[in-house]
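What follows is a short report on a single structure.
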Amino acid sequence: MKNLLSIQDLDSASIVEILNTARELARITDGPMKKLPTLRGRTVVNLFFEDSTRTRLSFEAAAKRLSADVISFSAKGSSVSKGESLKDTAQTLEAMGADLIVIRHSASGAAKRLAESGWIQSAVVNAGDGMHEHPTQALLDAYTIRAHFPDHENDFSGLHVGIVGDILHSRVARSNVILLNKLGATVTLIAPPTLLPIGVSQWPVQVSHSLDEVIGTLDAVMMLRIQSERMNDSFFPSEREYSRDFGLGAQRLAALKKEAIIMHPGPMNRGLEISAASADSPQSVILEQVANGILVRMAVLYLLLGGTRIPTEGVLV
Amino acid sequence: MTQVLIKNARMLDDHIVDIAITDGRIYEIGSDLTGAYEVVDVAKKLVLPGFVDLHTHLREPGKENSETVLSGSQAAARGGYTALSAMANTSPVADTAGVVEQVARLGREAGICDVFPIGAVTVGLKGEVMAEMSAMAQSAAKVRIFSDDGNCVSDPLMMRRALEYVKSFDGIIAQHAQEPALTRDSQMNEGVVSSKLGLKGWPSIAEESIIARDILIAHYVGSRLHICHLTTAGGVELVRWAKSQGIKVTAEVTPHHLLLTDTLAESYDAVYKVNPPLRTQSDVLALRTGLADGTIDIVATDHAPHPIEDKECEWNAAAFGMLGLETALSVVVESMISTKLMDWARLSSVMSTTPAQIAGYTEHGRLAVGGAANLTIIDPDSRWSVDRSKSSSRSVNTPFHGMELPATVVHTFFNGVHVVNNGQITGNRYEGNSKVRSE
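First to last, the sequence lines map onto chains E and D. 66 is the number that the numbering used here gives to position 67 of the first sequence; each next residue is one higher, with no gaps. 92 is the number that the numbering used here gives to position 81 of the second sequence; each next residue is one higher, with no gaps.
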């Protein structure tokens, strides 16, 4: 594996390998050795053309825990705002010694373009491209689900995952649908018809317009963030109506199976797609997702940069 | 003027003839002709009237780094074209007599094919104020086709007025059918592929709703409507219905929409980004059927050059458009003749005779004694591999690069001047006054 551009590119064995590597890294860094020397001397560049503090910080923490040098580049106030192209920016950063570029971009396909146009030699990790994919989010979500359903170690068949909200614009939903399908889970998308893509009939999912009908059958429910710009574009009439029909409030929380988990990629709109009681309930694993995000991203960086084998506890390599 | 004798040309009816050209016109068509001519033996290759493009972006004035009237004319001649129609979306926009006359003059100076300017319908293509179409029609450029191409004349009242207004000088409105509210920030055809790629969809209904509306308006006011670059099966059905009702509508299809589909966007390579977008396989098949059965009248290239930096970037940031002049014949042969959907006579009609009739280019689209010697010699049996580095265009944004395609243009004659020889620009140019539009 040279790049991580999309979940579509991965087979289930590679997905499981990444998840297992993350678990191994968790085991090691859980002890006294929080930081591993594995990527010492390697440079990871965070190339963020879109604001995303949490994803950037997560990649930064992941790289630092592996002892890589990290350069963070945010497009705002940079040469990009002066019209520099993606190609020039990436080549400039590579000339500064980047071994791996983590890219977040508002344009779908930007990571693939960067990796496959012959502009640079560095490895490329997609940290979210437009409405296309967000592969590390899907990996950390799978890692989180697996941790709560140990019987489904490498096989999610029999698990029912609901993804609720703005499927149309969501890269998180696309990556999750593909990954969960590859691992055998049953996926139901729950959204008003305006927030579902035209081609959804070809996706390996079930579709529902009623959260109430589905909620009691779910093992995991992923609530997607409603972006403020959707509210002004007639995808639904008002926040109130959306929240009433698709929000995870008290009644739906009560209807969830007791062992079901509540997920959210963050940042949350409390009171809109998710109520405070749901977000803070014992069934919520939202903060675990954040912590797991660092582990999964460590695993990805480790596997892509071909770090030396994972050190066993107490043994420096 | 030179006297040229084309020996051994194969006509559409398979007769082998000689064609004698004097003073830019066809003097005689017969066998075993002799005389004081410069002889070009074409070895039984096919002779057709020079192709006529009603939809070309030449970029001059304003974007000469992409294309000039000269480079575009050269690309056209190598594609077998003897007449182009230069779209109005230049900078400045061709919305005044001054700009269209400038483009016409540049075309005459190039002297490689006829360059007929298209005038804008509205000032600056903005859709707000009608451009001085009558002044453009009465100018030396004698504009007859008006289009805001690149933009849709989306306001139904403006479209109605424009269709009515051009009747006084027998003008025609060429509509770029794209409802703007349904295509805000759209990137590619809306469907299974766009939903997978996360690129904002461009629904077929955005095109079809404007076509349907404009057919009704054109019928209501009794004007001629031309629909640019049809791309959807539904659009073909609408035009078919309109023609069955006797409504005066004509339609064009581009070569790329006859061959390519939206799955090419999976590479995120912006060379496949085009407006209107590449559609699905079933749309392509409907377009082919429509072109074969006469629902679609003509092939037009929508040749749209762009500099490398406008394509070598992320998809959303890239410009819309593809080159088309040098590959049009081969792509039409590949999609329509190799598939046995139509014959060479129909190809000659859709690429030459009918576009010339629609636009009123009276010296094009026919091969007859007394007519201007605007013709092209084709080798239907040869194949070639498209190489963008060998293009005459200043740009390289062809989606056909590396593809092997049938049929080559061997010679092109413009007003009797041998402008393309063995597929290459000769450097000869026509210097006489353009007399191609007789009033």
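Glycine included, each C-beta is placed from N, C-alpha and C at the ideal position. In this text, all values refer to a predicted model and were calculated from it rather than measured experimentally.
Thinking C-alpha only, which one of D:Lys153, D:Asn385, D:Ile32, D:Gln14 is nearest Tyr92 of chain D?
-> Ranking the options by Cα distance to Tyr92 of chain D, first place goes to D:Asn385.
From E:Lys181, E:Gly157, E:Pro196, E:Ala141, residue whose alpha carbon lies closest to that of His168 of chain E = In this structure, E:Pro196 is the residue among E:Lys181, E:Gly157, E:Pro196, E:Ala141 with its C-alpha nearest to the C-alpha of His168 of chain E.
Can you list, in chain order, the residues of its chain whose CB lies under 7 Å from that of Leu304 of chain E, leaving out five sequence neighbours each side?
-> Around Leu304 of chain E: Leu38, Arg41, Asp98, Leu99, Ala122.
Got a sec: is the Cβ-Cβ distance from Trp213 of chain D to anything in chain E below 8 Å?
-> Using a Cβ-Cβ cut-off of 8 Å, Trp213 of chain D does not count as an interface residue toward chain E, since no Cβ of chain E sits closer than that to its own.
Coil, strand or helix - Gly212 of chain D by DSSP = In the structure shown, Gly212 of chain D sits in a strand (DSSP, three-state: E or B).
Could you pull the start and end residues of the alpha helix (DSSP H) that Tyr241 of chain E belongs to?
-> Its alpha helix (DSSP H) spans residues 238-245.
Would Val2 of chain D pass as a contact of His429 of chain D if the rule is Cβ separation under 8 Å?
-> One cannot answer for residue 2 of chain D here, as it falls past the ends of chain D, which runs 12 to 450.
Since Phe58 of chain E is in the alpha helix (DSSP H), which residue starts that stretch and which ends it?
-> Boundaries of the alpha helix (DSSP H) harbouring Phe58 of chain E: 52-64, taken from the DSSP string.
Anyone know if the C-beta pair for Ile238 of chain D and Ala188 of chain D falls short of 8 Å?
-> Closer than 8 Å, so yes.
Near-chain D residues of the stretch 177-211 of chain E - C-beta to any C-beta below 7 Å | For the stretch 177-211 of chain E, the set of residues with a beta-carbon nearer than 7 Å to any beta-carbon of chain D comprises Pro196, Ile197, Gly198, Val199, Gln201, in chain order.
Could you tell me whether any Cβ in chain D is nearer than 8 Å to the Cβ of Leu229 of chain E?
-> First, the residue type needs correcting, since residue 229 of chain E is Arg and not Leu in the sequence shown. No, Arg229 of chain E lies away from the interface with chain D (no Cβ there is under 8 Å from its Cβ).
Report the residues of the stretch 120-143 of chain E with a CB closer than 9 Å to any CB of chain D, ordered along the chain.
-> Here the close residues are Asp128, Gly129, Met130, His131, Glu132.
Ala109 of chain E touches chain D at which residues, Cβ-Cβ below 7 Å?
-> Those are Glu325, listed as they occur along chain D.
Nonlocal neighbours in the same chain, by C-beta distance under 6 Å from Gly248 of chain E, ignoring five residues either side = In its chain, beyond the 5 residues on either side, Ser274 have a beta carbon closer than 6 Å to the beta carbon of Gly248 of chain E.
Name the residue from E:His131, E:Asp150, E:Ala184, E:Ala94 whose alpha carbon lies nearest to the alpha carbon of Ser105 of chain E.
-> The shortest CA-to-CA distance from Ser105 of chain E to any of E:His131, E:Asp150, E:Ala184, E:Ala94 is the one to E:His131.
Identify the contact partners of Val203 of chain D in chain E, using a Cβ-Cβ distance below 7 Å as the criterion.
-> At a beta-carbon threshold of 7 Å, the residues of chain E lying near Val203 of chain D are Gly198, Gln201, ordered along the chain.
Counting contacts by CB-CB distance shorter than 8 Å, is Leu210 of chain D in contact with chain E?
-> Yes - at least one Cβ of chain E is within 8 Å of the one on Leu210 of chain D.
Between the C-alpha atoms of Asp64 of chain D and Pro366 of chain D, what's the straight-line distance to the nearest angstrom?
-> Straight-line Cα distance between these residues: approximately 7 Å.
According to the Cβ coordinates, are Ser174 of chain E and Gln136 of chain E closer than 8 Å?
-> Contact annotation: Ser174 of chain E and Gln136 of chain E have beta-carbon atoms nearer than 8 Å.
Starting from Ser73 of chain E, follow its DSSP beta bridges and name the residues at the other end.
-> The partner list for Ser73 of chain E (beta bridge, DSSP) reads E:Phe47.
Return no unless some Cβ of chain D is closer than 8 Å to the Cβ of Leu252 of chain E.
-> No, its Cβ sits nowhere closer than 8 Å to a Cβ of chain D.
Cross-chain neighbours of Leu85 of chain E in chain D, by beta carbon under 7 Å = By Cβ distance, chain D contributes Cys324, Glu325.
Would you please verify whether the beta carbon of Arg170 of chain E is less than 8 Å from any beta carbon of chain D?
-> Taking Cβ atoms only, chain D reaches closer than 8 Å to Arg170 of chain E, which makes this a yes.
Any idea which residues DSSP pairs Val415 of chain D with across the strands?
-> Residue identity check: residue 415 of chain D is Glu in the sequence provided, not Val. D:Ser396.
Taking C-beta to C-beta, are Ile225 of chain E and Gly164 of chain E nearer than 8 Å?
-> In this structure, Ile225 of chain E lies near Gly164 of chain E, with their beta-carbon atoms less than 8 Å apart.
Near Met147 of chain D, which residues of its chain fall below 6 Å by C-beta distance, leaving aside the five closest residues on each side in sequence?
-> Only Ala108, Val111, Gly130, Val154 meet the Cβ criterion.
Closest Cα partner of Val164 of chain D within the set D:Arg224, D:Gln113, D:Gly118, D:Glu120 = Among D:Arg224, D:Gln113, D:Gly118, D:Glu120, the Cα nearest to that of Val164 of chain D belongs to D:Arg224.
Cβ-based neighbour list, Ala383 of chain D, same chain, cut-off 7 Å, excluding 5 preceding and 5 following | Here the set comprises Gly35, Arg36, Glu374, Asn426, Val447.
Does the beta carbon of Ser349 of chain D sit closer than 8 Å to a beta carbon anywhere in chain E?
-> Under the Cβ distance rule, Ser349 of chain D does not count among the residues neighbouring chain E, no pair being separated by less than 8 Å.
If we ignore side chains and look at the alpha-carbon of each, how far apart do Arg296 of chain E and Ile319 of chain D end up?
-> So the alpha carbons of these two residues sit roughly 35 Å apart.
In angstroms, rounded to a whole number, what distance separates the CA positions of Ser96 of chain D and Thr338 of chain D?
-> In a straight line, the C-alpha of Ser96 of chain D is about 17 Å away from that of Thr338 of chain D.
Since Tyr279 of chain D meets chain E, which of its residues come closer than 7 Å, beta carbon to beta carbon?
-> The answer, in chain order, is Gly108, Lys111, Arg112.
By Cβ distance below 6 Å, which residues in the same chain neighbour Leu92 of chain E in space, the five residues on each side in sequence not counted?
-> The residues are Val44.
Would Arg224 of chain E count as contacting chain D if we go by Cβ distances under 8 Å?
-> It does not; no Cβ of chain D falls within 8 Å.
How many Å lie between Gly46 of chain D and Asp160 of chain D at the Cα?
-> Roughly 48 Å between the two C-alpha positions.
Would you mind stating whether Thr242 of chain D and Arg172 of chain D have Cβ atoms separated by less than 8 Å?
-> For Thr242 of chain D and Arg172 of chain D, no; Cβs fall outside 8 Å.
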